[in-house]
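Each step along the sequence shown adds one to the number in numbering that gives the first Met the number 0, with nothing skipped, and position 59 is 58. No residue lacks a Cβ here, since even glycine has one placed at the ideal position from N, Cα and C. Working notes, beginning with the structure itself.
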Amino acid sequence: MKTLSLVVLISGSGSNLQAIIDAIESKQLNAQISAVISNRPDAYGLTRARQHDIPAISLDHKHYQNRELFDQQLQLEIESFKPDIIVLAGYMRILTTAFINAFSPTILNIHPSLLPKYQGLNTHQRALDNNDSEHGVSIHVVTPELDSGPVIVQGKFSIEKEDNSESLQQKAHKLEHQMYPLVLNWLSKQRLKLNSDMPLFDEKPVLTPLLFEATVDAG
Ligand code: GAR
Numbered sequence: 000m001k002t003l004s005l006v007v008l009i010s011g012s013g014s015n016l017q018a019i020i021d022a023i024e025s026k027q028l029n030a031q032i033s034a035v036i037s038n039r040p041d042a043y044g045l046t047r048a049r050q051h052d053i054p055a056i057s058l059d060h061k062h063y064q065n066r067e068l069f070d071q072q073l074q075l076e077i078e079s080f081k082p083d084i085i086v087l088a089g090y091m092r093i094l095t096t097a098f099i100n101a102f103s104p105t106i107l108n109i110h111p112s113l114l115p116k117y118q119g120l121n122t123h124q125r126a127l128d129n130n131d132s133e134h135g136v137s138i139h140v141v142t143p144e145l146d147s148g149p150v151i152v153q154g155k156f157s158i159e160k161e162d163n164s165e166s167l168q169q170k171a172h173k174l175e176h177q178m179y180p181l182v183l184n185w186l187s188k189q190r191l192k193l194n195s196d197m198p199l200f201d202e203k204p205v206l207t208p209l210l211f212e213a214t215v216d217a218g
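Next up, the structure:
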């Protein structure tokens, strides 16, 4: 079985990156991270990558005149690794349409909300402000419109009275760290296919997001 080749884009702590590294090292995931690229030089995720001998590239967006020039350089860097999948793991920069079209449909993103709810930033606080009783995490295919591509899988949790933005972030992370390795595992086993813009799971179109729960086969 072919080893799935990944390039992971980050902007910060990289705890999702760590979960993917751990899944690979414990042989739960047949993948290889060819490079980790951060648009922020101080992202802790770069340190995590180096600790595991993964090429860690800092591409500071502040050194580029505009988004187009930055994304062109990012595209060149990524193309040199020829990845099967580009994994956005806490990558906090909007990507240009040209960049997305260059790699579509092989860019995945993890977003801390039950999309289509709360696209963009501050998702946890917005769920609290809206008095939502549940909240969650989505993994979706990236398309040019922000946080709007087809959702593959969602994980949900309830919002309790004592929750605040930090506790929701922790709950989200706990799910995310299981969900990203799982989705990548499905890709490596070809249970999930991203050809065209309609993902297929076990050869069936994913018309509504799969629910990450005991009901979803983790194999
Ligand atoms: C994650 O919670 C991810 O869902 C979110 O950033 C966090 C990164 O954490 N992504 C977005 O908000 C994308 N719009 P990490 O750096 O510890 O993996």
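Cutoff 7 Å; reference residue i; Cβ partners in own chain excluding five residues on either side
{"i": "D216", "result": "Its pLDDT being 42, under 50, D216 is placed unreliably in this model, and the coordinates cannot settle the point."}
{"i": "A18", "result": "H176, Y179 and P180"}
{"i": "L186", "result": "L3 and I84"}
{"i": "L209", "result": "I151, V152, F200 and V215"}
Beta-carbon proximity list for residue i, same chain, < 6 Å, skipping 5 on both sides
{"i": "H110", "result": "S137 and D146"}
{"i": "A126", "result": "H134"}
{"i": "A213", "result": "With a pLDDT of only 35 at A213, under the threshold of 50, the placement of this residue in the model should not be trusted; the figure read from the coordinates follows. If we look at A213 and ignore the five residues flanking it on each side, it has no Cβ neighbours."}
Top-ranked residue by Cα proximity to residue i, from the options
{"i": "S164", "options": "N15, L193, H123 and D201", "result": "H123"}
{"i": "F156", "options": "P143, P149, A171 and E144", "result": "A171"}
{"i": "S132", "options": "L120, Q118 and E159", "result": "E159"}
{"i": "D128", "options": "L167, N184 and Q50", "result": "L167"}
{"i": "H224", "options": "R66, E67 and Q31", "result": "Nothing about residue 224 can be read from this structure; the chain reaches only from 0 to 218."}
{"i": "N65", "options": "P104, I93 and N184", "result": "I93"}
{"i": "D201", "options": "L16, Q189 and L174", "result": "Q189"}
Inter-residue CB distance, residue i and residue j (contact presumed, cutoff 8 Å)
{"i": "L87", "j": "P180", "result": "So it is not a contact: roughly 15 Å between Cβ atoms."}
{"i": "S12", "j": "G44", "result": "6 Å"}
{"i": "P40", "j": "S57", "result": "4 Å"}
{"i": "S33", "j": "S4", "result": "5 Å"}
{"i": "E76", "j": "I36", "result": "6 Å"}
{"i": "A101", "j": "Q74", "result": "5 Å"}
{"i": "N38", "j": "S10", "result": "6 Å"}
Residue i: CB within 7 Å of a non-hydrogen atom of ligand 1
{"i": "N121", "result": "no"}
{"i": "S12", "result": "yes"}
{"i": "A88", "result": "yes"}
{"i": "L16", "result": "yes"}
{"i": "P111", "result": "yes"}
{"i": "A48", "result": "no"}
{"i": "A55", "result": "no"}
{"i": "M91", "result": "yes"}
{"i": "A171", "result": "yes"}
{"i": "I99", "result": "no"}
{"i": "G44", "result": "yes"}
{"i": "I9", "result": "yes"}
{"i": "E161", "result": "no"}
{"i": "L67", "result": "Here residue 67 is Glu; the residue named in the question, Leu, does not match the sequence. No."}
Classification of residue i by the beta-carbon crowding that lies within 10 angstroms, buried from 16 upward
{"i": "G249", "result": "With the chain covering 0 to 218 only, the question about residue 249 has no answer from this structure."}
{"i": "N130", "result": "exposed"}
{"i": "R47", "result": "buried"}
{"i": "L68", "result": "exposed"}
{"i": "A22", "result": "buried"}
Proximal residues to residue i (C-beta, below 8 Å), its chain only, five neighbours per side dropped
{"i": "V182", "result": "L107, I138, I151, V152 and L191"}
{"i": "P149", "result": "H139, V140, T142, D196, M197, P198 and V205"}
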